[in-house]
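As they're listed, the protein sequences go chains A and B.
So the first sequence is numbered by the numbering used here: it starts at 1 and just counts up by one.
So the second sequence is numbered by the numbering used here: it starts at 329 and just counts up by one.
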Amino acid sequence: MDFLIDIAITVVFNLIVFVGLLLIVAYSTWFERKLLGDFQLRLGPMRVGFHGLMQPIADAIKSFFKEDVIPKNADTVVFILAPMLSFVCALGVIAVIPFGGTVHIFGRDVKLILADIDVSVLYIFALAALGSYGCVLGGYASYNKYSLVGALRASALMISYELPFALTIIAVVLVSGTLSFSGIVDAQAGLWNIVKQPVAFILAIICGLAEINRTPFDMPETESELACGFNVEYSSMKFSMFFMAEYCHLFTISAIITTLFLGGWHGPFLPGPIWFLIKSIALMYFFIWERSTYPRLRIDQIMRFGWKFLLPVSLANLVVTAIVMTIF
Amino acid sequence: MLAELMIPVIIFFMAVFFAMGSGVMVVCSKNPVHSALWMVSTLFSTAIIYLILQFDFIAAIQVIVYAGAIMMLIVYVIMLTSVDEEVRRKYRLRLYQIVGLAFIVIIFVELVKTGSSHLTGWEGLDWKHIPETFGSVKYIAHQLFSKYVFPFEVVSVLLLAAIAGSVVLAKKDKKD
């Protein structure tokens, strides 16, 4: 019986988190369109609901009823598999992110984290590695030159920026002394990592932007030169899945940076999950703001920047951190 | 209580089934990209087996290094060279195929024999000498940088030699 209650709590908790995540994903599209409108001195979506609040739901219904086209020469199985892979890997990241302390329900202490594992940092890198297959395979399977070039750029970008990102996060791990996210959050209870590791914070934001393919690193889907890149042949729900994966990444990268540098769910007065959401949404705001400010870089500039600037700087940051940690 | 014990066993056998099935599909599928994808599936299932054996670290590294980096490069190369689907040949039994089959049978029988002998010696295994932190990141790091530090460094020099060699090979054409 106890076991059944445990399972029931786990299932309900998982459902709440995933429904919440999907809602955030849906409304982050609205958030982005509203903010971009604001930055460009227009209103953004206004027609559906109060200030366009029902727009994400209208968009979802629209994409359900669109015609689903699969190109004649496409690799059908891989073509269908790619958006699923992208979306599942984007969703899975939320499992290891702590968004609150411990809650007491039904005589049990429930930690507000889906899976409190030892190697959460490695887990997100593993998921990122698998998720990049979605992009690459989608581009390959479409049998389209534009999407193939988009896919190749995507994989080049992800491989080049995963390295400095990992080195940056290792510096944070060194400071906190653990690979688990809940451990890292607990280590920041007194002083946030952004104070201890300011360089790493900036590097993590840059590499994070590249990992989730956002401006100025949105190489895989440059509208002006690749006609939308790897997802050019996708339509209907399959396109929506890529789209949702992208916005899910936007939220999860904000959540990861919040967890690693901004003290996670710690904060005065308000409960943990609220603080977590405030910090993550503030970071999302920053990412959208930055998108409307900067133009897109060229692919060779991105590669040069990644290998010749970010990698040495993140290595230097790691070495300095290690030396300081050993001396003190 | 029983269900608690059964779930890892069920997941274990599913992972084994997927690992072996995708292993077979790597060889059988005609499209090289599909082969590579089945390979990723094999590596992923192996990572799940590691997870069930409590090797969290090894499982994550398996996915990051093999599925994430190495297979990604292989897929990349296949996509760039645009290898077409293999044409189905007329099937004819060759001598080397018979020899290969015989070897497979011999290896399989030997594997089953050693495997089952280890399984029967299961009770005699000394569980107390396995440290509690076995498989954790700290344990592996400690072993790697104290007991096995020499082999570790030798391997890194070997990898460096491989990188230098590939750079030299790639640069060769530019002189001409």
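We put the beta carbon where it would ideally sit given N, CA and C, even for glycine.
These numbers come from a predicted model, not from an experiment.
Counting only Cβ pairs nearer than 7 Å, list the residues of chain B close to residue i.
{"i": "PHE165 of chain A", "result": "Residues of chain B passing the Cβ test: none, with the nearest at roughly 12 Å."}
{"i": "TYR140 of chain A", "result": "VAL361, MET407"}
{"i": "LEU311 of chain A", "result": "Within 7 Å Cβ-Cβ: nothing; LEU311 of chain A doesn't reach chain B, min ~15 Å."}
{"i": "SER155 of chain A", "result": "MET400, TYR404"}
Measuring alpha carbon to alpha carbon, tell me which of the options ends up nearest residue i.
{"i": "ALA74 of chain A", "options": "A:MET84, A:LEU127, A:SER147, A:ILE9", "result": "A:SER147"}
{"i": "ILE61 of chain A", "options": "A:LEU209, A:TYR143, A:MET237, A:ILE323", "result": "A:MET237"}
{"i": "ARG153 of chain A", "options": "B:ALA498, B:GLY349, B:MET407", "result": "B:MET407"}
{"i": "ASN144 of chain A", "options": "A:GLY229, A:SER292, A:LEU85, A:ILE80", "result": "A:GLY229"}
{"i": "VAL93 of chain A", "options": "A:MET158, A:SER120, A:HIS104", "result": "A:SER120"}
{"i": "PHE341 of chain B", "options": "B:ILE376, B:VAL361, B:VAL391", "result": "B:ILE376"}
{"i": "ARG296 of chain A", "options": "A:GLY177, A:PRO198, A:LEU209", "result": "A:LEU209"}
{"i": "ILE338 of chain B", "options": "B:TYR467, B:ILE380, B:PHE372, B:HIS362", "result": "B:ILE380"}
{"i": "LEU283 of chain A", "options": "A:ALA58, A:PRO273, A:GLN40, A:PHE251", "result": "A:PHE251"}
{"i": "ASP59 of chain A", "options": "A:ARG47, A:GLY263, A:VAL69", "result": "A:ARG47"}
{"i": "ARG298 of chain A", "options": "A:SER292, A:THR215, A:ALA316, A:LYS308", "result": "A:THR215"}
{"i": "TYR404 of chain B", "options": "B:PHE385, B:LYS499, B:PRO360", "result": "B:PRO360"}
{"i": "MET84 of chain A", "options": "A:ILE327, A:LEU310, A:SER240, A:ILE253", "result": "A:SER240"}
Going by the beta-carbon positions, is the gap between residue i and residue j smaller than 8 Å?
{"i": "ALA141 of chain A", "j": "ALA95 of chain A", "result": "no"}
{"i": "ALA189 of chain A", "j": "LEU260 of chain A", "result": "no"}
{"i": "PHE165 of chain A", "j": "GLU211 of chain A", "result": "yes"}
{"i": "SER248 of chain A", "j": "ALA129 of chain A", "result": "According to the sequence provided, residue 248 of chain A is Cys. The question's Ser does not apply to it. Taking 8 Å as the Cβ cut-off, CYS248 of chain A and ALA129 of chain A do not qualify as a contacting pair."}
{"i": "THR374 of chain B", "j": "ALA397 of chain B", "result": "no"}
{"i": "SER280 of chain A", "j": "ALA255 of chain A", "result": "yes"}
{"i": "SER132 of chain A", "j": "MET158 of chain A", "result": "yes"}
{"i": "PRO273 of chain A", "j": "GLY100 of chain A", "result": "yes"}
{"i": "MET244 of chain A", "j": "PHE31 of chain A", "result": "no"}
{"i": "SER311 of chain B", "j": "ASP118 of chain A", "result": "Chain B is shown from 329 up to 504; residue 311 of chain B falls before or after that span and cannot be answered."}
{"i": "ILE18 of chain A", "j": "VAL110 of chain A", "result": "Sequence inspection shows Phe at residue 18 of chain A; the Ile mentioned does not correspond to that position. No, they are not a contact pair."}
{"i": "LEU112 of chain A", "j": "VAL103 of chain A", "result": "yes"}
{"i": "SER160 of chain A", "j": "GLY306 of chain A", "result": "yes"}
{"i": "PRO98 of chain A", "j": "TRP275 of chain A", "result": "no"}
{"i": "ALA171 of chain A", "j": "ALA200 of chain A", "result": "yes"}
{"i": "THR168 of chain A", "j": "ASN317 of chain A", "result": "yes"}
Below 8 Å on C-beta distance, what does residue i contact in chain A?
{"i": "SER363 of chain B", "result": "Simply none; closest approach about 12 Å."}
{"i": "SER369 of chain B", "result": "Chain A residues near SER369 of chain B: none, gap ~11 Å exceeds 8 Å."}
{"i": "VAL465 of chain B", "result": "ASP118, VAL119, LEU179"}
Anything in chain B within Cβ reach of residue i, meaning under 9 Å, just list it in chain order.
{"i": "VAL136 of chain A", "result": "MET400, VAL403, TYR404, MET407"}
{"i": "VAL110 of chain A", "result": "Those within 9 Å of VAL110 of chain A in chain B number zero; the least Cβ separation is about 18 Å."}
{"i": "SER160 of chain A", "result": "None at all; the shortest Cβ gap to chain B is about 12 Å."}
Please list the partners that residue i has in chain B, where partner means a Cβ-to-Cβ separation under 8 Å.
{"i": "SER132 of chain A", "result": "GLY396, MET400"}
{"i": "PHE125 of chain A", "result": "ALA388, ILE392, GLY396"}
{"i": "VAL78 of chain A", "result": "VAL361, HIS362, LEU365"}
{"i": "ALA129 of chain A", "result": "VAL391, ILE392, ALA395, GLY396, ALA397, MET400"}
{"i": "LEU148 of chain A", "result": "MET407"}
{"i": "LEU152 of chain A", "result": "TYR404, MET407, LEU408"}
Any idea if residue i is buried or exposed, counting beta-carbon neighbours within 10 angstroms, 16 or more meaning buried?
{"i": "ASN231 of chain A", "result": "buried"}
{"i": "VAL495 of chain B", "result": "exposed"}
{"i": "GLY449 of chain B", "result": "With a pLDDT of only 49 at GLY449 of chain B, under the threshold of 50, the placement of this residue in the model should not be trusted; the figure read from the coordinates follows. So GLY449 of chain B counts as exposed."}
{"i": "GLN382 of chain B", "result": "exposed"}
{"i": "PHE106 of chain A", "result": "exposed"}
{"i": "THR76 of chain A", "result": "exposed"}
{"i": "LEU487 of chain B", "result": "exposed"}
{"i": "GLN425 of chain B", "result": "exposed"}
{"i": "MET367 of chain B", "result": "buried"}
{"i": "ASP300 of chain A", "result": "exposed"}
{"i": "SER28 of chain A", "result": "buried"}
{"i": "ALA387 of chain B", "result": "buried"}
For a contact meaning CB atoms closer than 7 Å, what does residue i contact in chain A?
{"i": "PHE308 of chain B", "result": "This structure gives no information on residue 308 of chain B, because the portion of chain B shown stretches from 329 to 504."}
For a contact defined as C-beta to C-beta under 9 Å, what are the partners of residue i on chain A?
{"i": "PHE385 of chain B", "result": "ASP118, VAL119, LEU122, LEU179"}
Considering only residues of the segment 10 to 93 of chain A, which uninterrupted alpha helix (DSSP H) runs meet the minimum length of 4 residues and lie entirely inside it, listed in chain order? 55 to 65, 76 to 92
Just list the alpha helix (DSSP H) runs in the segment 331 to 410 of chain B, keeping only unbroken ones of 4 residues or longer that don't cross its boundaries, in chain order. Residue ranges of uninterrupted alpha helix (DSSP H) with 4 or more members, entirely inside the segment 331 to 410 of chain B and ordered along the chain, are 360 to 380, 384 to 389, 399 to 409.
Whole alpha helix (DSSP H) elements within the segment 167 to 234 of chain A, 4-residue minimum: If we require 4 residues or more, the alpha helix (DSSP H) runs fully inside the segment 167 to 234 of chain A come out as 181 to 187, 193 to 196, 198 to 211, 223 to 226.
What are the complete alpha helix (DSSP H) segments, minimum 4 residues, inside the segment 231 to 282 of chain A? 236 to 261
Suppose only complete runs of 4+ residues qualify. What are the alpha helix (DSSP H) ranges in the segment 117 to 177 of chain A, listed by chain order? Runs of the alpha helix (DSSP H) lying entirely within the segment 117 to 177 of chain A, each at least 4 residues long, are 120 to 141, 145 to 176 in chain order.
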